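> Here's a structure for you.
2 protein chains.
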Amino acid sequence: MTDSPGGKRGGKRERLVAGAAELVHRKGVAATSLADIAQASGVPVGNVYYYFKTKDDLLRAVIEAQVDQVEALLTGLADLPGPAERLKALVGQWERMRDVVARYGCPFGTLAADLDRRDDGLDVEAAGPIRRILDWAEDQLRALGAQDARELATTLFAGIQGGALLAGALRDPEVMSTQVRHLRQWIDTLARSRGRTSPNG
Amino acid sequence: MTDSPGGKRGGKRERLVAGAAELVHRKGVAATSLADIAQASGVPVGNVYYYFKTKDDLLRAVIEAQVDQVEALLTGLADLPGPAERLKALVGQWERMRDVVARYGCPFGTLAADLDRRDDGLDVEAAGPIRRILDWAEDQLRALGAQDARELATTLFAGIQGGALLAGALRDPEVMSTQVRHLRQWIDTLARSRGRTSPNG
DNA sequence: GTCTATAAGCCGATAGAC
DNA sequence: GTCTATCGGCTTATAGAC
Numbered sequence: 001m002t003d004s005p006g007g008k009r010g011g012k013r014e015r016l017v018a019g020a021a022e023l024v025h026r027k028g029v030a031a032t033s034l035a036d037i038a039q040a041s042g043v044p045v046g047n048v049y050y051y052f053k054t055k056d057d058l059l060r061a062v063i064e065a066q067v068d069q070v071e072a073l074l075t076g077l078a079d080l081p082g083p084a085e086r087l088k089a090l091v092g093q094w095e096r097m098r099d100v101v102a103r104y105g106c107p108f109g110t111l112a113a114d115l116d117r118r119d120d121g122l123d124v125e126a127a128g129p130i131r132r133i134l135d136w137a138e139d140q141l142r143a144l145g146a147q148d149a150r151e152l153a154t155t156l157f158a159g160i161q162g163g164a165l166l167a168g169a170l171r172d173p174e175v176m177s178t179q180v181r182h183l184r185q186w187i188d189t190l191a192r193s194r195g196r197t198s199p200n201g
Numbered sequence: 001m002t003d004s005p006g007g008k009r010g011g012k013r014e015r016l017v018a019g020a021a022e023l024v025h026r027k028g029v030a031a032t033s034l035a036d037i038a039q040a041s042g043v044p045v046g047n048v049y050y051y052f053k054t055k056d057d058l059l060r061a062v063i064e065a066q067v068d069q070v071e072a073l074l075t076g077l078a079d080l081p082g083p084a085e086r087l088k089a090l091v092g093q094w095e096r097m098r099d100v101v102a103r104y105g106c107p108f109g110t111l112a113a114d115l116d117r118r119d120d121g122l123d124v125e126a127a128g129p130i131r132r133i134l135d136w137a138e139d140q141l142r143a144l145g146a147q148d149a150r151e152l153a154t155t156l157f158a159g160i161q162g163g164a165l166l167a168g169a170l171r172d173p174e175v176m177s178t179q180v181r182h183l184r185q186w187i188d189t190l191a192r193s194r195g196r197t198s199p200n201g
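Residue numbers (full-length UniProt numbering), protein chains in the order written: chain F, 1 to 201; chain R, 1 to 201.
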């Protein structure tokens with residue numbers, strides 16, 4: 001942030017990415033203009049193109065920031081003693097975000113949903129954060145003794161994303177909390193009786 | 001639909017609503033222009049405003065069409081012998097739509113997610129189809145003997161919507177199918193042991 | 001590196017001929 | 001009722017002064 005002369009940037013690139021991430025989350029990709037982002041980031045409109053060649057380039061940077069964010073989250077979870085604790089701490093993240101989620105949805109889910117209607121590469125990239133969480137959850141569930149870890153990870157994360165979508169549509173943070181509580185109980189059940197294949201039964 | 005002279009309409013209104021529904025599903029609300037809709041519906045651009053005063057008015061008609069669609073679906077399910085059969089037939093709908101869902105998401109979920117970022121009335125209206133399905137599922141689960149029918153309905157539909165979102169993000173119809181299979185098993189478990197409160201355990 | 005000014009095109013919405 | 005032509009505004013992106 002504090003740059004010496006000759007290479008000074010003033011963190012404008014970072015501010016643009018952060019501003020884009022927030023606006024894209026709140027208004028959606030198509031409804032967010034570069035002018036909006038520039039203004040929210042305190043950067044002149046035309047100057048955006050010095051840091052990002054196109055709007056898609058800026059979106060790519062937002063996705064990369066999300067991937068870093070997920071990576072940092074999962075790294076922090078690694079300290080916890082067991083896979084069940086780690087999985088419950090993961091879903092706890094959406095409990096902590098419940099008010100934002102109930103208003104604008106899950107940042108990862110909404111961005112992926114926004115961009116997966118495309119056909120260029122950006123749709124695949126936008127699924128990165130989700131894919132990373134699924135892979136990690138699969139590892140934890142396997143460590144927990146689950147046979148069909150991938151399917152269980154999908155069901156777990158589908159519960160989170162579906163809960164986030166319904167909480168947003170109904171404008172009710174309680175929906176997210178209820179869903180998180182159910183998923184925590186399910187993880188406990190799974191931890192107690194290892195090797196069970198049915199995620200819901 | 002078949003009009004006599006003096007009041008002839010040629011079904012243009014219906015074609016506009018159908019075209020708007022399809023394009024809004026595939027490209028999203030903000031990315032779909034009235035010109036796109038008019039062209040897809042075989043109606044001149046300026047003529048759209050004879051049938052709908054604004055773009056939001058047309059969106060409102062799309063939502064109403066979705067509500068009718070949900071109502072027809074649920075009415076068809078009423079013939080089935082028991083609540084468990086009806087619930088399993090409901091989730092079976094997303095299995096049948098799996099290819100579309102894996103490409104463009106669930107029509108109800110994506111439209112609700114698109115519009116719930118707003119603050120005008122349209123965000124609440126867009127949640128109508130989802131709310132209707134939740135209410136119906138709650139009734140079925142209560143008939144099945146569940147104590148916390150509303151929470152179970154939320155968990156069930158969250159599983160569907162989350163599965164649809166993940167299937168879309170990962171571009172994998174199998175994700176939707178796997179999720180539907182899990183939910184069917186869960187309904188069976190629930191039907192066998194009535195009164196259990198935990199949806200996953 | 002930073003910023004203003006503006007190009008070129010698409011948007012929702014309107015006016016008015018037929 | 002139907003359609004063409006078009007307005008004003010906003011969009012992404014660029015040119016070029018400083």
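Cβ coordinates follow ideal geometry from the N, Cα and C atoms, glycine included.
Small disclaimer: the values here were computed from a predicted structure and weren't measured.
I'd like the ranges of any alpha helix (DSSP H) spanning at least 4 consecutive residues and lying wholly in the UniProt domain "HTH tetR-type" (10–70) of chain R.
Counting whole runs of 4 or more residues, the UniProt domain "HTH tetR-type" (10–70) of chain R contains the alpha helix (DSSP H) stretches 12–27, 34–41 and 48–51.
> Going by C-alpha to C-alpha distance, which of F/A153, F/G42 and F/L77 sits closest to R/T178?
Taking only the C-alpha atoms, the option nearest R/T178 is F/A153.
> With a cut-off of 8 Å, does the C-beta of R/L74 fall near any C-beta of chain F?
It does not; no Cβ of chain F falls within 8 Å.
> Contact criterion: CB-CB distance below 8 Å. Does R/K27 meet it with respect to chain F?
Output row for R/K27: interface = yes.
> In chain order, what residues of the same chain have a beta carbon less than 7 Å from the beta carbon of R/R13, not counting five sequence neighbours either side?
So the qualifying residues of the chain are Y51.
> Does the beta carbon of R/I37 come closer than 8 Å to any beta carbon on chain F?
No, no contact with chain F.
> Residues in the same chain with beta-carbon distance under 8 Å from R/I187, minus the five sequence neighbours each way, listed in chain order, please.
Answer for R/I187: A84, L87, K88, V91 and L156, listed in chain order.
> Are the C-beta of F/R60 and some C-beta of chain R separated by less than 8 Å?
Judged by the 8 Å Cβ criterion, F/R60 is not in contact with chain R.
> With the cut-off set at 8 Å, would you say R/A38 and R/G105 are in Cβ contact?
No. Outside cutoff.
> Where does F/P81 land, buried or exposed, given buried means 16+ other C-beta within 10 angstroms?
Looking at its Cβ environment, which holds fewer than 16 other Cβ atoms inside 10 Å, F/P81 is exposed.
> Apart from the five residues just before and just after F/W136, which ones in its own chain have a Cβ nearer than 6 Å to its Cβ?
Within the same chain, F/W136 has close Cβ partners L74.
> Check whether chain F comes within 8 Å of R/I133, counting only Cβ atoms and requiring the distance to be less than that.
No, no contact with chain F.
> What residues in the region 171–187 of chain F have a beta carbon less than 8 Å from any beta carbon of chain R?
Answer set for the region 171–187 of chain F: R171, V175, T178, Q179, H182, L183, Q185 and W186.
> Starting from the Cα of residue 202 of chain F, find the closest Cα among F/A78, F/G19 and F/Y49 and give me that residue.
What is shown of chain F runs 1 to 201, which leaves residue 202 of chain F out entirely.
> For my contact list, R/L144 and R/L190 are in at a C-beta cut-off of 8 Å; report their separation, rounded to the angstrom.
So it is a contact: roughly 6 Å between Cβ atoms.
> For a contact meaning CB atoms closer than 8 Å, what does R/L34 contact in chain F?
Under the 8 Å cutoff, chain F gives no residues; its nearest Cβ is about 15 Å from R/L34.
> Taking the Cβ atom as the reference point for each residue, do R/I133 and F/L166 lie within a distance shorter than 8 Å?
No, Cβ-Cβ distance for R/I133 and F/L166 is not below 8 Å.
> I need the boundaries of the alpha helix (DSSP H) containing F/M176, first residue and last residue.
P173 to R192 is the extent of the alpha helix (DSSP H) around F/M176.
> Check the Cβ of residue 282 of chain F against every Cβ in chain R and list those closer than 7 Å, keeping chain order.
Given a span of 1 to 201 for chain F in the structure shown, any question on residue 282 of chain F remains unanswerable.
> Taking F/T154 as the query, report the chain R residues whose CB atoms sit under 8 Å from its CB, ordered along the chain.
By Cβ distance, chain R contributes G163, L166, V175, T178 and Q179.
> Output yes if chain F places a C-beta closer than 8 Å to the C-beta of R/R96; else output no.
No, because no Cβ of chain F sits closer than 8 Å to the Cβ of R/R96.
> Please compile the residues from chain R whose C-beta is within a distance smaller than 9 Å of the C-beta of F/Y50.
Those within 9 Å of F/Y50 in chain R number zero; the least Cβ separation is about 27 Å.
> Measure the Cβ-Cβ separation of F/L115 and F/A126 and say whether it is below 8 Å.
Cβ distance < 8 Å, so F/L115 and F/A126 count as in contact.
> For R/R142, which residues in chain F fall below 8 Å Cβ to Cβ?
Simply none; closest approach about 17 Å.
> Return helix, strand or coil for R/G105, following the three-state DSSP convention.
DSSP places R/G105 in coil when its eight states are reduced to three.
> Are residue 223 of chain F and F/V45 touching if we call contact CB-CB under 8 Å?
Since the first residue of chain F shown is 1 and the last is 201, residue 223 of chain F is not available in this structure.
> Indicate whether F/L180 and F/W94 have their beta-carbon atoms separated by less than 8 Å.
For the record, residue 180 of chain F in the displayed sequence is Val; it is not Leu. Contact: yes.
> Apply the 10 Å Cβ neighbour rule to F/T32 and answer buried if 16 or more other Cβ atoms are within range, or exposed otherwise.
Flag for F/T32 reads buried.
> Expressed to the nearest angstrom, what Euclidean distance is found between the alpha-carbon atoms of R/A30 and F/A61?
Approximately 22 Å between the Cα atoms of the pair.
> Rounded to the nearest angstrom, how far is the Cβ of F/R117 from that of R/R26, given a contact under 8 Å?
That pair is a contact at about 6 Å.
> How far does the alpha helix (DSSP H) with R/A78 in it extend, from its first residue to its last?
Careful: R/A78 lies outside any alpha helix (DSSP H) and carries neither H nor E.
> Between the C-alpha atoms of R/D79 and R/A72, what's the straight-line distance to the nearest angstrom?
Looking at the two C-alpha atoms, the distance is approximately 12 Å.
> Taking Cβ positions, are F/P173 and F/R98 nearer each other than 8 Å?
Yes.
> With a threshold of 16 other CB atoms inside 10 Å of the CB of R/G6, please say whether the residue is buried or exposed.
Below a pLDDT of 50, predicted positions are generally treated as unreliable, and R/G6, at 28, falls in that range; no measurement from the model is reported.
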